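See below for the structure under consideration.
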Amino acid sequence: MAISSCERPSHLGGSCESTADCESDTQYAPGTECADGVCTCVQEGHTLCCEPEDTAPDCFLACRPCSECQEGWFSCAPGTAGTACDNDAKCAGPPDPRCGVGRCVDRVCEVDIYPGPLPSQVRGDCARLECTHAGEVVSRPDPSDLYNDGNLCTSDICSEENRPVNVPLDNGVSLWDLYKVDQICYEAETFDCIVEDNQCGADRICIPVVGAQRGGGYCAPRHCINARRDPDEADVDCGGICRRPCESGKMCTVALDCISGVCLGSPGTCRGAMEADGVRNGSETGVDCGGPWKPCLPGDGCAAAADCEAGVCWAGVCQRPTCLDGVQNGDELGVDCGGQACPACPR
111 MAISSCERPS
121 HLGGSCESTA
131 DCESDTQYAP
141 GTECADGVCT
151 CVQEGHTLCC
161 EPEDTAPDCF
171 LACRPCSECQ
181 EGWFSCAPGT
191 AGTACDNDAK
201 CAGPPDPRCG
211 VGRCVDRVCE
221 VDIYPGPLPS
231 QVRGDCARLE
241 CTHAGEVVSR
251 PDPSDLYNDG
261 NLCTSDICSE
271 ENRPVNVPLD
281 NGVSLWDLYK
291 VDQICYEAET
301 FDCIVEDNQC
311 GADRICIPVV
321 GAQRGGGYCA
331 PRHCINARRD
341 PDEADVDCGG
351 ICRRPCESGK
361 MCTVALDCIS
371 GVCLGSPGTC
381 RGAMEADGVR
391 NGSETGVDCG
401 GPWKPCLPGD
411 GCAAAADCEA
421 GVCWAGVCQR
431 PTCLDGVQNG
441 DELGVDCGGQ
451 ACPACPR
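Everything in the sequence shown is counted per this note's numbering, starting at 111 for the first residue and increasing by one.
Pasting the structure below:
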């Protein structure tokens with residue numbers, strides 16, 4: 111049954127079903143037309159509002175310049191705080207959508223702002239993203255947000271420029287005193303000994319690490335430098351008990367005998383590093399990944415975010431994507447938003 115004119119609710123506060131409702135017996139808003147249920151000013155630079163001395167919502171609404179509007183109408187742009195609306199979708203949020211939302215309250219647009227740290231942060235960047243009371247995101251220094259590079263021989267700090275830095279410990283620092291690990295730090299690497307000091311005892315010698323030229327080495331029997339292949343060596347002064355890995359082309363018994371970690375054939379021969387040899391070698395950070403090769407999966411080794419498929423490297427290990435890691439990864443449609451697991455992206 112049709113509703114009579116007496117039963118039909120009146121339109122107030124700039125609401126409408128047609129332009130006739132904007133200039134009716136219940137409200138008079140000249141210069142407007144009905145658009146999406148709201149009386150909208152035709153003249154550019156004007157908005158439907160109360161005069162400064164009037165009180166909303168029982169005031170006389172008219173198309174006025176913003177300067178002539180009651181306090182609370184802040185902009186003439188549709189959807190901004192103080193303009194007329196009929197649903198939340200018509201109201202703009204703060205300058206950065208991560209800081210809040212726009213809402214339609216009593217047919218007037220308002221902005222809810224949530225100041226403080228964002229839940230989504232890049233871990234270990236010596237900074238903290240925060241929303242201001244104006245709804246903008248700013249980066250503030252956070253000296254407690256240190257980056258863990260996974261190296262026992264570095265000290266993780268934030269520099270004076272608020273950047274993550276991993277400073278090598280002084281040469282010769284014993285990790286036993288720090289972590290109960292029987293190793294020595296030398297230029298940010300772990301070794302058994304330092305060649306010039308030779309802490310290996312009377313019957314052993316400190317042999318420098320192949321290609322490292324940094325003074326650090328490992329303890330091995332003295333015959334490991336006699337230029338002969340002894341019975342407990344894989345090849346001349348390498349492999350076996352000597353622990354010095356053999357170069358490509360040298361004989362081997364197990365993979366650990368070889369620099370590349372690849373021992374093939376019978377008798378075994380050390381082979382050079384290859385992209386898909388199932389071993390972490392060469393400049394790889396994980397097994398056949400990282401460095402110059404494809405990004406590594408979660409759980410594989412890494413030295414930087416670029417080594418990881420998810421773009422997050424922590425303590426030398428690639429991490430799984432999360433909705434709070436400050437990176438767009440997984441099936442996310444934006445940074446930590448969208449996809450199946452994360453909340454919808456701000457509009």
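Each residue gets a CB set at the ideal place from its N, CA and C atoms; glycine is no exception. From a predicted model like this one, the values you see are computed outputs, not experimental measurements.
{"Query": "Backbone secondary structure at residue 143 - three-state DSSP", "Result": "strand"}
{"Query": "Residue 269 versus residue 208 - alpha carbon distance", "Result": "28 Å"}
{"Query": "Complete beta strand (DSSP E) runs within the stretch 302-329 (minimum length 3 residues, chain order)", "Result": "314-318"}
{"Query": "Segment limits, alpha helix (DSSP H) that includes residue 138", "Result": "Counting along the chain, residue 138 falls outside any alpha helix (DSSP H), and DSSP gives it neither H nor E."}
{"Query": "Every unbroken beta strand (DSSP E) within the stretch 243-276, with a cutoff of 3 residues, ordered by chain", "Result": "247-251 and 264-268"}
{"Query": "Simplified DSSP state of residue 350, which is helix, strand or coil", "Result": "helix"}
{"Query": "Buried versus exposed call for residue 344 [16 or more other C-beta atoms within 10 Å across all chains shown]", "Result": "buried"}
{"Query": "Any non-hydrogen atom of the ligand ZN within 8 Å of residue 283 CB", "Result": "In terms of ligand content, the structure shown is empty, and the ligand ZN therefore cannot be addressed."}
{"Query": "First and last residue of the uninterrupted alpha helix (DSSP H) at residue 222", "Result": "Segment 218-223 is the beta strand (DSSP E) holding residue 222; no alpha helix (DSSP H) there."}
{"Query": "Top-ranked residue by Cα proximity to residue 439, from 190, 298, 214 and 420", "Result": "420"}
{"Query": "N- and C-terminal bounds of the alpha helix (DSSP H) containing residue 171", "Result": "First-last for residue 171: undefined, no H or E at that position."}
{"Query": "Nearest-angstrom Cα separation, counted from residue 287 out to residue 395", "Result": "28 Å"}
{"Query": "Cβ-based neighbour list, residue 329, same chain, cut-off 7 Å, excluding 5 preceding and 5 following", "Result": "302, 303, 310, 314 and 316"}
{"Query": "Limits of the alpha helix (DSSP H) - the one that residue 239 falls within", "Result": "First-last for residue 239: 237-241, but that is the beta strand (DSSP E), not the alpha helix (DSSP H)."}
{"Query": "Spatial distance of residue 367 from residue 233 (CA atoms)", "Result": "38 Å"}
{"Query": "For residue 267 and residue 474, the rounded distance between their alpha carbons", "Result": "Within the shown structure, residues of the chain are numbered from 111 to 457, placing residue 474 beyond reach of any answer."}
{"Query": "Which of helix, strand or coil DSSP assigns to residue 75", "Result": "Since the displayed the chain opens at 111 and closes at 457, residue 75 lies outside it and no answer follows."}
{"Query": "Paired residues, beta bridge with residue 345 - DSSP", "Result": "348"}
{"Query": "Closest residue to residue 197 among 211, 206, 205 and 417 (Cα-Cα distance)", "Result": "211"}
{"Query": "Touch test, the stretch 422-439 against the stretch 402-410, Cβ-Cβ under 8 Å, three pairs minimum", "Result": "yes"}
{"Query": "Cβ distance (whole Å) where residue 262 is taken to contact residue 289 below 8 Å", "Result": "6 Å"}
{"Query": "Bridge-paired residues (DSSP) for residue 385", "Result": "Its beta-bridge partners do not exist; DSSP assigns none."}
{"Query": "C-beta contact flag for residue 274 and residue 216 at 9 Å", "Result": "no"}
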